[in-house]
Each structure stands twice: as C-alpha cells, then as structure tokens.
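Residue numbers (the working numbering): 907 to 960.
So, in structure tokens, the structure goes:
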C-alpha cells in the first residue's frame with residue numbers, strides 16, 4: 907500500500923476509502939507520530955533484549 911503524501915493537504919489523519927485513517931506523510935507531525943510510536947519503542951525493546959541476553 908503506497909504512503910499517502912500530499913504536502914498541500916493540511917490534515918495529519920486522512921480517511922481511507924475502506925474505513926479507518928492513514929497518516930499524511932507530507933505533514934511533519936505525521937513523521938513525529940511515526941517515529942515516536944514505532945521507531946523509539948523498537949529501539950527500546952532491542953536495547954533491553956540485548957541487555958538481558960548479554
């Protein structure tokens with residue numbers, strides 16, 4: 907599924923045709939949401955897992 911990226915659209919959450927919402931990656935807040943909700947937790951889980959295993 908391609909990312910929705912329209913910098914002219916001021917909405918951060920864009921409704922999808924089938925229901926639900928998608929992030930507008932043309933908006934900087936969408937990137938902040940993506941990083942805070944996926945990348946940071948993934949790094950924390952990886953660091954704790956490595957700390958426990960080592």
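Where a beta carbon is used, it is the ideal one built from N, C-alpha and C, also for glycine. Predicted model only: the values in this text are computed from it and were never measured.
Under the three-state reduction of DSSP output, residue 918 falls in the coil class, being neither helix nor strand.
Listed as beta-bridge partners of residue 929 by DSSP are 919.
Between residue 914 and residue 951, the alpha-carbon positions lie close to 36 Å from each other. Distance from the CA of residue 935 to the CA of residue 918, rounded to the nearest whole angstrom, comes to 7 Å. Around the beta carbon of residue 929, a 10 Å sphere encloses 16 or more other beta carbons of the protein chains shown; the residue is thus reported as buried.
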